[in-house]
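Line order of the protein sequences matches chains X and G.
Quick note on the working numbering: the first sequence kicks off at 6 and runs consecutively.
Quick note on the working numbering: the second sequence kicks off at 176 and runs consecutively.
The block underneath contains the structure these notes are about, expressed in structure tokens.
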Amino acid sequence: MMLPDKRLLLLPTLLLALLATATTAAEPRSGYEYIKQSTRDMQDDDFENPGMLALEQGRQLFNVTPAGREKSCAACHGSEGEDLDVTGIARYPVHNGNGLVTLQKQINSCRENHGDGSLPIDHPDLIALETFVRNRAAGEVINVQTDGPMAPLLEKGEQLYRLRYGLIDMSCQHCHDFYPGQRIRGQTISQGMSNGFPAYRLDIGEMTNLHQRIQQCLSLMRAEPFEAGSEEINLMGLYIMSRSNGLKIETPAVRY
Amino acid sequence: MRYCRISLLSGILLLQLALLTGSGIATAREQALPDDYCQWAVTDYAIAQPLCELAGDASRGMAIALDSGRGNCLACHQLPIPDVEAYGTIGPPLSGIGARLTKGQIRLRVVDTREINPMSIMPGFYRDPRLIHRPDKRYAGRTFLNAQQVEDVIAYLVTLK
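Dropping the structure here:
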């Protein structure tokens with residue numbers, strides 16, 4: 006460790022530069038590429054994929070006309086959601102001129118418009134509806150806007166992604182940009198993409214939306230997670246979705 | 176030298192703060208240093224003095240290094256312990272570390288390796304808790320390991336020749 010002072014001071018800068026180029030150059034890769042073959046097989050088989058339960062539940066909710074209301078989702082969008090614009094779905098979250106609209110928020114605003122109250126972000130019905138809707142666009146390429154009014158929001162999202170959190174004191178970038186493909190206690194780290202969400206998590210045995218996954222990684226770092234639906238989660242979610250641009254939607258994915 | 180590294184670190188912190196205040200997102204909260212936190216000093220990329228002048232115990236240290244709830248070194252490092260397969264590959268294997276580094280150098284790596292590499296993924300196991308951002312309430316104001324546990328882990332690592 007007898008390096009001359011100047012070289013030592015340069016080292017972090019060099020590392021930073023190297024890492025910066027390494028990360029911008031990385032092609033986005035789906036979490037699918039990092040999971041075990043048996044998990045992939047499970048995801049690919051409609052009868053084996055546990056996420057299909059949420060999808061079916063979403064289909065029912067989509068077609069049911071709530072008591073005292075006039076219209077089901079299907080009344081406007083088709084019983085299989087065939088009148089939904091799938092390339093439009095692949096662009097969520099979108100900017101509506103006033104701010105960010107996540108797919109969950111859009112579903113909630115449709116519910117409000119036809120007299121059905123909005124659901125909390127973590128509500129199983131909302132996760133089921135999102136699963137059904139996003140699955141309509143399965144195979145579509147994620148294409149989130151990155152310019153115009155989105156640019157400053159993405160910058161904030163990226164800052165949050167690069168901050169260190171919690172007692173473990175790491176940033177999201179540490180695992181998902183610097184060490185994808187490496188194992189952390191036997192678990193292979195992916196690039197932390199969002200093309201599979203809502204996804205079924207084998208570890209906890211539940212359908213998980215992107216916001217919950219972000220919270221779970223924050224808890225993993227022994228940090229205080231941002232609240233569901235908070236500005237921070239929305240911004241991080243947007244940034245993650247933009248990183249996933251170019252990947253095909255896989256909802257419902259199966260992940261560890 | 177010490178001064179330079181501090182300014183680099185606080186430079187990064189300030190940068191983060193500046194970026195965040197600009198965007199109106201809340202950051203680190205005010206915290207006092209806990210009473211039982213022992214200060215440490217770096218010379219020549221090593222911490223020569225044991226934390227709180229404690230003596231470590233190698234066998235306790237090995238248990239801590241293995242324990243996923245405590246040291247969790249195995250999450251990122253391979254250790255020369257038979258029958259352990261679920262180790263991580265993020266950090267270098269620690270076999271032979273006692274021959275590669277001095278005790279004081281090992282201490283700095285475990286206490287707060289960011290003194291050497293500010294970008295390191297390795298947690299500072301005895302990092303100043305005031306520098307931790309948004310800790311879970313249960314861990315606020317605490318270090319990852321306490322001083323005795325750090326000394327135990329170090330006592331174990333020096334035996335890995």
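Glycine residues also receive a C-beta, built at the ideal position from the N, C-alpha and C atoms.
Just so we're clear, the structure is a prediction, and the values are computed from it rather than from any experiment.
Practice item. Locate the beta strand (DSSP E) running through X/Thr213, then write down its first and last residues. Key: 211-213
Point to revise | chain G within 7 angstroms of X/Ala228, Cβ atoms only | key: yes
Exercise for review: Please state whether DSSP places X/Leu105 in a helix, a strand or coil.
Suggested key: strand
**Study point:** Straight-line gap, G/Pro225 to G/Ser234 (C-alpha atoms, nearest Å)
**Key:** 17 angstroms
Review point. What's the gap between the Cα of X/Val106 and the Cα of X/Val146?
Key: 19 angstroms
Point to revise | X/His82 (DSSP reduced to helix, strand or coil) | key: helix
Exercise for review: Report the rounded CA-to-CA distance for X/Asp90 versus G/Arg305, giving the unit in angstroms.
Suggested key: 49 angstroms
Point to revise | Expected contact under 8 angstroms - CB spacing of X/Phe67 and X/Ala59 to nearest Å | key: Their Cβ separation, rounded to whole angstroms, is 12 angstroms, which puts X/Phe67 and X/Ala59 out of contact at 8 angstroms.
Review point. Under a CB-based cut-off of 7 angstroms, is X/Asp88 close to chain G?
Key: no
**Study point:** As assigned by DSSP and simplified to three states, the class of G/Ile281
**Key:** helix
Point to revise | For X/Asn101 and X/Ala167, the rounded distance between their alpha carbons | key: It should be pointed out that residue 167 of chain X corresponds to Arg in this sequence rather than to Ala. Whole-angstrom Cα-Cα distance: 27 angstroms.
Review point. Since X/Met175 meets chain G, which of its residues come closer than 8 angstroms, beta carbon to beta carbon?
Key: Ile296, Pro298
Exercise for review: Using a Cβ cut-off of 7 angstroms (strictly closer), state whether G/Asp311 contacts chain X.
Suggested key: yes
Practice item. Evaluate X/Asp50 with the Cβ neighbour count: other Cβ atoms within 10 Å of its Cβ, from every protein chain shown; 16 or more gives buried, anything less gives exposed. Key: exposed
Practice item. Would you check if the segment 121-131 of chain X and the segment 175-190 of chain X touch, i.e. whether three or more CB-CB distances between them fall below 8 angstroms? Key: no
Point to revise | Host alpha helix (DSSP H) of X/Ala204 (start-end) | key: It is not in any alpha helix (DSSP H) - X/Ala204 instead sits in the beta strand (DSSP E) that spans 204-206.
Practice item. With 9 angstroms as the limit, tell me which residues of the segment 300-331 of chain G have their beta carbon closer than that to any beta carbon of chain X; keep them in chain order. Key: Arg302, Pro304, Leu306, Ile307, His308, Arg309, Pro310, Asp311, Lys312, Arg313, Tyr314, Ala315, Arg317, Thr318, Phe319
Point to revise | C-alpha distance - X/Asn140 paired with X/Lys253, whole-angstrom precision | key: 11 angstroms
**Study point:** Contact with chain A by G/Gly246, beta-carbon distance below 7 angstroms
**Key:** Considering every chain present, this structure includes no chain A. Its protein chains are X and G.
Exercise for review: Return the residues of the segment 179-211 of chain X that lie within a Cβ-Cβ distance of less than 7 angstroms from chain G, sorted by chain order.
Suggested key: His179, Phe183, Tyr184, Gln187, Arg188, Ile189, Arg190, Gly191
Practice item. Kindly indicate which three-state DSSP category G/Ile272 falls into: helix, strand or coil? Key: helix
Review point. Nearest to X/His181 by CA position, among X/Ala72, X/His119, X/Ile194, is which residue?
Key: X/Ile194
**Study point:** First and last residue of the uninterrupted alpha helix (DSSP H) at X/Gly56
**Key:** 56-68
Check your understanding: Between the segment 240-260 of chain X and the segment 149-157 of chain X, are three or more C-beta pairs nearer than 8 angstroms?
Key -> yes
Point to revise | Other residues of its chain near X/Pro230: CB distance less than 6 angstroms, five sequence neighbours each side excluded | key: Gln220, Leu223, Ser224
Review point. Is the beta carbon of G/Pro310 less than 7 angstroms from the beta carbon of X/Leu165?
Key: no
Check your understanding: What are the boundary residues of the alpha helix (DSSP H) that includes X/Ile132?
Key -> 129-141
Review point. Since X/Ile94 is in the alpha helix (DSSP H), which residue starts that stretch and which ends it?
Key: 91-94
Exercise for review: Select from the segment 144-170 of chain X all residues with a C-beta closer than 9 angstroms to any C-beta belonging to chain G, and list them in chain order.
Suggested key: Pro157, Glu160, Lys161, Gln164, Leu165, Arg167, Leu168, Arg169, Tyr170
Practice item. Return the residue from the list G/Asp303, G/Leu320, G/Ile329 that minimises the CA-CA distance to G/Ser243. Key: G/Leu320
Exercise for review: Look at X/His216 and X/Ile94 and say whether their C-beta atoms are less than 7 angstroms apart.
Suggested key: no
Point to revise | Exposure label - G/Val286; buried when at least 16 CB within 10 Å | key: buried
Check your understanding: Who are the near neighbours of X/Tyr39 in its chain, counting only those whose CB is closer than 6 angstroms to its CB and skipping five residues on each side?
Key -> Thr193, Ser195
Review point. If you measure beta-carbon to beta-carbon, which residues of the segment 84-113 of chain X are closer than 9 angstroms to chain G?
Key: none
Review point. Hey, is X/Leu243's beta-carbon within less than 7 angstroms of any beta-carbon in chain G?
Key: no
Review point. Going by DSSP, what residues sit across from G/Thr218 in a beta bridge?
Key: G/Ala221
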